[in-house]
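The block underneath contains the structure these notes are about, expressed in structure tokens.
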Amino acid sequence: MSESKPKPSRRGFMLGAAVAGAATAAVVALPKVEGEQAPTAEQTPPAPANGGGYRLTEHVKQYYKTTLI
Numbered sequence: 138m139s140e141s142k143p144k145p146s147r148r149g150f151m152l153g154a155a156v157a158g159a160a161t162a163a164v165v166a167l168p169k170v171e172g173e174q175a176p177t178a179e180q181t182p183p184a185p186a187n188g189g190g191y192r193l194t195e196h197v198k199q200y201y202k203t204t205l206i
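Under the working numbering, the residues of the sequence shown are numbered 138 to 206, in order.
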């Protein structure tokens, strides 16, 4: 009992290309949804006085724990 796969056809390819093109056009034409925006200057903490900008946060500490052997 061998199952034969349908042979790809030019018509199916063209239909798929048309659907993909229509979906792309719809996404481009839709209005942009305003979600979370990038933090503004009022929301970000001030830069360190001596330069750099590295902060040891909980996320960084968790990463360091995962790298231990």
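By construction, the Cβ of each residue, glycine as well, lies at the ideal position given by its N, Cα and C atoms.
Which residues in the same chain have their Cβ closer than 8 Å to the Cβ of Leu167, if we skip the five residues on either side of it in sequence? Working through the sequence shown from its first residue, we reach residue 167 at position 30. Nothing meets the Cβ criterion.
From the DSSP output, in three-state form, read off Arg192 for me. For the purposes of this step, residue 192 is taken as the residue at position 55 of the sequence shown. The answer is coil: DSSP assigns Arg192 none of H, G, I, E or B.
Alpha carbon to alpha carbon, what distance is there between Val197 and Asn187? Start at 1 with the first residue of the sequence shown, and residue 187 comes out as number 50. Start at 1 with the first residue of the sequence shown, and residue 197 comes out as number 60. Roughly 21 Å between the two C-alpha positions.
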